[in-house]
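For reference, the structure discussed in these notes is given below.
In full-length UniProt numbering, the protein residues as written are 1 to 122.
The following block contains the structure:
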């Protein structure tokens, strides 16, 4: 099968561009390291209640993200580009903190006044 075939676990050259940023995590690792990490996280994806709770968090945070983008577009100059990175990173932080650690960081709602966001150099 695909999972048991070690030849399939060698990532393409394209993944080397991600390594400086992601190091050798689940996405970029090969063979034995990938198998070990996959075995650690697989049980979490078989808990349907946990996945349902994650979807609720994704939905809530995505609605906040969409509302903030809508406000930015509404008040911005028509046709002018704007930097989406702060919006995306705040949403990502809220989702990861709540799903992985159960913490409500409220990075999107704090408008840059969140201590954690400030400390991590958003």
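Note that the Cβ used here is the ideal one computed from N, Cα and C, for glycine as well.
Computed from a predicted structure; not experimentally measured.
- Short of 6 Å from the beta carbon of residue 26, and not among the five residues preceding or following it, lie these beta carbons of its own chain, in chain order: 37.
- By the criterion of a C-beta distance shorter than 8 Å, residue 106 is surrounded in its chain by 94, 114, once the five residues flanking it on both sides are discounted.
- By the criterion of at least three beta-carbon pairs nearer than 8 Å, the segment 28–44 is not in contact with the segment 79–88.
- Nearest in C-alpha terms to residue 58, of all of 42, 86, 91, 16, is 91.
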